[in-house]
Each structure stands twice: as C-alpha cells, then as structure tokens.
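Before any comments, here is the structure.
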Amino acid sequence: MFISTVRAKLFGGFGASVAALLVVSYIGYSGLQTAATYFSQFRETARQSLTGYEAQAALMEARLAVLRYQLEETADSAAQANDLIGKISAGATQIEEVFAGSPLLDELRELIQQVDAYQAAFDELRAVNEEVALSLTQVKEGGDAFRQSMAGVMQKAIEEQNYPALETVAPAMQEFLLARIYVERYASGGNADDLNEAMNYYDEATSLLQRLQFAQKSPELNRLVAPLPAQMEEVISEASYLEIAISKAADIRKNKLDVLGPLIMSGYQAAVDKLIDAQNEMGPVAEAGIENTSSTTLMLASLFTLVMAAIAVFLGTSISRAINAITECMRAIAAGDLTMRVFGAGRSDEIGKMAAAVQVFQANGIEKEQLEREQAAVKEQQEVERRRLMNELADSFERAVGGIVDTVSSASREMQAAANTLSASAEQTSHQSTAVSAASEEAAVNVQTVAAATEQLAASVREIGRQAEESSSMSHRAVGDTQTASERIAFLSSASQKIGDVLSMISDIAGQTNLLALNATIEAARAGEAGKGFAVVATEVKALAEQTSRATQEISGQIAEIQAATNASVDAIQNVGDTIARLNGIAATIAAAVEEQNAAALEIARNVQQASAGTVEVSSNITGVSRAAEETGAAASEVLGSAGGLARDAETLKVEVARFIAQVRAA
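Numbering-wise (full-length UniProt numbering), the sequence shown opens with residue 1 and increments by one.
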C-alpha cells in the first residue's frame, strides 16, 4: 500500500529502525544466553574436574600412608592410612551431588566400590601383619626355651666330662643359632632364600640332636636331652606358620593393594581426563558461539544501518523536495510576491496542509519568516537527534557482546614420607664360657684335694721324726703310709690330667666362638655400610676367643708344672719308702732322712698352694670371660637387627620412593 502522508513515512522509517534495533538486540541477547549456558556447563565441568582432582589427591595420600604403614607397621601409621581411606569413602556423597546427571557417575560409583575393596584389603593386611608379629614372637620364645635347654645339656655334659656329648651339642647349638639369624632376616626382608637357609640349619641341628639321643649318657643327661626334639619341632612348626603368614601378607600386597591402588588411580585419572577433554571441547564451542553471535550482530547492525540510511535518504529527499518548493513560495511571498502560486495547494498530505497554511499566512510576511526559521530549527534538531540515535545504536552494537574467560587451576601436592627404621633383635650367644667356668671350678677343687694330701704327707713325715726311737716297730706302718701318699699323689696326677682335658675342651669352645665371630663378620660384610658397627663387635668377640685360647695355654703350662711337681713327689715318696725299708740297719741316719722328707713335703705343699691360687685366678678370669661374652652377644644381636632393618628400609624405601616419583609425573 502506498504511503501518502509524511507522518506515515516517518512512522514507517522510524518503526523499521526500531524493529531492526529489536532484531539486533534479540540476537545479541540470545547469543549472551547461549554463552551463559556454555559458561554454566563449563563451570560445572570445572567443578567436577576439581572434585576428581581432590579425590585423586586424597587417594594418593592414602596410598602413601599405606606404603608408610608397610614400612613402619606401627599403630599410628595404620590409623593414619585408615583415616585417609575412610575420607575417600566419606566423599562418596559429595561425588553423588557434584556428578548428579553426569555420564561419569556410574564409573565413579564403581571406583568408590573399589575404594571399599581397597579398605578391606588394607584391614586384611593389618590382621595378617598382627599374625606375623605373634608368630615371630612365638618363634623367638620357643628359640629362647630351646637355647636354655641346650645350655643346660652342655653344662651337665661338662660336669660329667661327657666329651662325645659336648662334641655333638656345641655344633647343634651353632646350627640352631645360625637358623635363628636367617629366620630374623626372612621376617624382615621376606626373601625365600633366607627361609630355605634357616630350614637347612634347622635340619642339621635336628640331625645332631638325633645323634645325641643315641650317644652314651647318664640318666640325668638323658632327662635333659629328652625334651630337645619336641622343642625343636615346635620351633620349626612356628617358623613354617611364619612363612605362611608372611606369604599371605605378600599376596595381599601384590594381588590386592598393588592392583587396586593403581587401578583406582587410573580410574580417577581417566575420569579427570574425560572432564578435561569435555572442557577442551566446550571451550572452543562456547568461543565459536560467542564469536558467531558477535559476527552475526555486527553483520545485521551494518545491514540495518545501510537500510536505515537508505530510508533516511528517501524520506529526506521526498520531504525536503516539497518543503523546498513551499519554501520558495514562502520566500517569494516574503519578498512580497503574494500572487505566486503556492506549491502543494490541494494536496491531502502534510505538504498540502502546509500550502494551506502558507496561503493563510501569505499576508503576514513576518510570521511566515518566523515559521520558516522554526521549521528549519526543527529540521536541524531532528537531524542532530537522528544522528545521535544512530551513533548510540552503533556504540550499543559495539558494546553488546563481551568475552568471558575463566580458567580452573589445580595445584598438585608434593608429599614426602619418611621411613623410620624398624628395630629387630637377633641374638648371638656364647654360653660355652659358662661351661669353662664350671670346669675351672672343678679344677680348683681337685687342686685343693692335692693340697690336703700333701699336708697329710707332711704330717706323716713329722710323725716319723717324732717316733724315730720306735722306727723298727713302726717301719711297716711307715711303708703303708708312704704307699697311701703315693696313691694320693697318683690321684693328683690323674686330676691334673683331667684338668688338661678340660682345658682342651675350653680351647675347642674358644675355636667355636671364633667360628661364630667369623660368621658374624661375614653377615656384617653382607649388611654393607650399616653393618660396620656389627663388624666391630664381631672383631671383639674374635679377640675375646683368642684371649680365652691364650688363657687356656697359660693354665696348661701351670698344670704341666703341677704334674712335674707330683712326679717329683712320687720319686721323693719312693725314696722315703726305701729309706724306711733300711731303717733297721741305719737308724742313725733316720733324723737326717726325716728332715729331708719334711723339706720335700713342704716344697710339695708350697707348689700345690701355688697351683690352687692359679686355678682360682683362672676361675675368676673365666667368669669375666663369660660375662663379657654375654654382653658381646647382646650387642651383636642388637647391631644385626639394626643392620637388617636399615637394609630393608633402605631398599623398600628406594622402591617405594621410585614408585612414588613415577605416579606424581603421570598425574
């Protein structure tokens, strides 16, 4: 329909401008709404990513705590690991809330179930570790009871001088102690070779015990030997149960904890990766949507600007042409040309009305000029207003779309666990010195017996001098006394021979102690840097064994002197017998012979007293050796336990520490 009025033209032009503005505004608003939707989704995805990162970090903390518990096996480390795993399970509610409606919710629920399985495996490991500790305690207690029984057998064999039994008991004790060392190493390191070595030593000790049962023994020694096989079987049984418990703990670590932990970590990592991929996909889409909205808005704004400019030109041209014509008429009228035909007269639009008005006001030139100025002012004001609106519209178009940027940063936490060294105790023993002390005390008793015999001999000689005048009638009795003295001297010689045997046994025990020290030195060398202190203790044990050997050599020398003195006493008593046999013919020389025998008896008594003092000193020295051996054994056991703990912690710690660094680089 043709628009015939200026008003309609103006309304049509400005209506089109408003409609264009509304279209551009709607497109901008719609784009902003779309951007807001993308941003909301992006923010929700970022929140889910953050929750996933937090769950992953909590799981890493829990795994580190579990590894620390495996190193320390303390109540504090167990409680810490249990609390951290519990926090992950407690976070299931937050995950349900944050991931409500997310396609990852089912995967995360499955991961939560795996966390519950991880918790159950950890609880099972704690229970098995308690069984391992109890079994190890029973192995130690059974071993202590067996060692004490073996020490009692050794002491009784020494008292009875049953050297064949001693030759069996001492190696059995050594094999048993070596088995205990390897059991301790197996309990601390879990190396099956150590357990096999321990079982070999147990078997060797059992074979020696069987040989001991068939050896010739006294009833009392038989009574002490009888319970040894049962005690050995009990120790071996506990060691076998310890193997089962340790294997079960290793199976839990290998097939449950070490499987579930990485599986859960990879599950959380996969979920987080999916969320990051979704963010990476959503970001460009949102950016493209915003850019599309911006370009569309700019394009429409430019298009509508051109259209509005064309409308403005059309309206301005059509209206201004008529107005100019009327203006010419009015100018002519103003110039006094009142007869001029007014342009637009008879038109039905506003121009016609203006022409009618011009015709009305032709008579009034001043009013016409005023009207023209007002119309010119209105026109100028409308033009300025139109330009201002167009500029504001352009500025509004430029500010309509803004960029929205948000980044989500997550911080990784570095954790460092320190592993304190676990202390285990291993015992080295040298109870053989107790047997040496007992043998030395027995030697002292024998020497005191010899001293009493020599005093009897001296009394007999004095009795001979006092009864010199009755020598003829008492000669046969004197011969009997000399025979008695000769028998006692022979007993003294036999006792000194036994002392020599005991000293030989002491020398053998010193050699065994030296062998134990050598074994300890080898174990210290295996322990490396951490076993230097233990090597020092082993060297001291070896030096102590050498000192014992030198002491036995000195005692052997003193016993040799005693034997020489007893042999001289036998010769002297024989001379006394010969002299008494000749008393009937040489009564005049009785006094001199009696004095000579008295001097010989005094010399024997003095030598015997010296021997007695020497045996007392030997007994005191052997007691000191025993006490030093016990202290050395305790120190060696402590050092061996510390060395094993350090090696285990260092290795575990090295593995655990390498795993721990790989997981952090993969996150």
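Beta carbons are placed, not taken as given, at the ideal position from N, Cα and C, and that holds for glycine.
Check whether the Cβ atoms of L212 and K156 lie closer than 7 angstroms to each other.
no
Over the uninterrupted alpha helix (DSSP H) stretch that includes V342, give me the two end residues.
No alpha helix (DSSP H) holds V342; DSSP gives it neither H nor E.
Using 8 angstroms as the cut-off, can you tell me whether the segment 196-207 makes contact with the segment 116-124, which would need three or more C-beta pairs spanning the two stretches below that distance?
Contact between the segment 196-207 and the segment 116-124 is absent, with fewer than three C-beta pairs closer than 8 angstroms.
Among residues of its own chain, excluding the 5 on either side of A239, which ones have a beta-carbon nearer than 6 angstroms to its beta-carbon?
Excluding positions up to five away in sequence, the list reads V139 and V183.
Just to confirm my understanding: we take A78, look at its own chain, exclude 5 residues before and 5 after, and list those with CB closer than 6 angstroms. What are they?
Y69 and R126
Could you tell me whether the Cβ atoms of I27 and T339 are closer together than 7 angstroms?
no
Whether L59 touches I95 by CB criterion (7 angstroms)
no
Considering only residues of the same chain and omitting the five flanking positions on each side of E243, which have a CB-CB separation below 6 angstroms?
L195
Are the CB atoms of G267 and R63 within a distance shorter than 7 angstroms?
In terms of Cβ geometry, R63 and G267 do not form a close pair [threshold 7 angstroms].
Taking the alpha-carbon positions, what's the S302 to Q269 distance?
Our two residues, S302 and Q269, have alpha carbons roughly 49 angstroms apart in a direct line.
Might you give, ordered along the chain, the residues of its own chain that have their beta carbon closer than 7 angstroms to the beta carbon of L111, omitting 5 neighbours on each side?
I264, G267 and Y268
Report the option in E651, E54, I522 and A19 whose CA atom is closest to the CA atom of A271.
Looking at the Cα atoms, E54 is the closest of the given residues.
Candidates D578, L67, A560 and A179: which alpha carbon is nearest D258's?
L67
Taking buried to mean at least 16 other C-beta atoms within 10 Å of its own C-beta, is A376 buried or exposed?
exposed
Please classify K217 as buried or exposed, where buried requires at least 16 neighbouring CB atoms within 10 angstroms.
So K217 counts as buried.
Buried or exposed for Q174, please, with buried defined as at least 16 other CB atoms from any protein chain shown within 10 angstroms of its CB.
Buried, because 16 or more other Cβ atoms sit within 10 Å of the Cβ of Q174.
At the level of alpha carbons, what is the spacing between L208 and F214?
10 angstroms
With distance defined between alpha-carbon atoms, name the residue in E124, D203, E233 and I252 nearest to N82.
E124
Is E61 near A245, with beta carbons less than 7 angstroms apart?
Annotated as distal: E61 and A245, with beta-carbon spacing of 7 angstroms or more.
How many Å lie between I323 and L300 at the Cα?
33 angstroms
Closer than 8 angstroms by C-beta to Q231: which residues in its own chain qualify, once you throw out the five before and the five after it? Chain order, please.
G142, A145, F146 and S149.
Euclidean distance between Cα positions of R109 and V128:
The straight-line gap from Cα to Cα measures roughly 29 angstroms.
Rounded to a whole number of angstroms, what is the C-alpha to C-alpha distance between A19 and A57?
56 angstroms
Look up L104 in the DSSP assignment and say whether it is helix, strand or coil.
In the structure shown, L104 sits in coil (DSSP, three-state: anything other than H, G, I, E or B).
Just mark L221 as buried or exposed, buried being the case when its beta carbon has 16 or more other beta carbons within 10 Å.
buried
When DSSP labels each residue in this structure, what does K379 get in the three-state scheme?
helix
Residues in its own chain within less than 6 angstroms of residue 668 by CB, not counting five upstream and five downstream?
Only positions 1 to 667 of the chain appear in the structure, and residue 668 is not among them; the question remains open.
Identify whether K217 lies in helix, strand or coil by the three-state DSSP scheme.
coil
Which word fits N280, buried or exposed, when buried means at least 16 other C-beta atoms lie within 10 angstroms of its C-beta?
exposed
Is the shortest distance between the beta-carbon of L108 and the beta-carbons of chain D less than 7 angstroms?
No chain D is present in this structure, which holds just one protein chain.
Alpha carbon to alpha carbon, how far is T539 from I158? Give it in angstroms, no decimals.
27 angstroms
How should T74 be labelled, buried or exposed, when 16 other C-beta atoms within 10 angstroms of its C-beta is the threshold for buried?
exposed
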